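Take the sequence shown: its position 80, counted from the start at 1, is 338 in our numbering, and no numbers get skipped. Where a beta carbon is used, it is the ideal one built from N, C-alpha and C, also for glycine. Predicted model, so just to flag it, every value in this text is computed and none were measured. The structure appears right after this line, and notes come after that.
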Amino acid sequence: MANIGTFTAQNDGFTGTLTLNVKVKFVPNDKESENAPDFRLQASGGYDIGAAWRKVSKADRAYLSVTLDDPSFPSTVYARLIEAENGTYDLIWSRSRPQQAD
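What follows is the structure, encoded as structure tokens:
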């Protein structure tokens with residue numbers, strides 16, 4: 259797994275930069291169903307490039323399960339947004355769809 263972005267908490271969401279040098283905001287989503295994402299990911303310019311769901315790991319740690327997709331990507335990117343020790347949040351990339359984290 260590799261860190262592909264660093265974010266900070268801002269208002270009700272998160273803001274930061276992907277290693278792709280793309281500014282991204284996690285915008286709270288008005289959930290219309292139980293399975294709807296908790297956040298929409300918006301690139302600068304306001305277009306959606308992904309979604310995130312609140313999860314809790316087996317070790318009882320909160321994180322966001324993130325899916326990124328864009329026509330410029332060869333395939334969907336799966337990642338986890340986890341809190342780092344310094345108060346920032348790291349977006350950790352995984353080659354496969356993530357299972358529940360430890």
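Exposure of G345 is indicated by the presence of fewer than 16 other C-beta atoms within 10 angstroms of its C-beta. Counting only residues of its own chain and dropping the five nearest sequence neighbours on each side, R298 has a CB closer than 7 Å to the CB of V285, N287, D306, A309. In the assembly as shown, F331 is an exposed residue. Its beta-carbon has fewer than 16 other beta-carbons within 10 Å. Per DSSP, the unbroken beta strand (DSSP E) holding T325 starts and ends at 320-326. Ranking S302, V280, W311 by CA distance to the CA of P295 puts W311 first.
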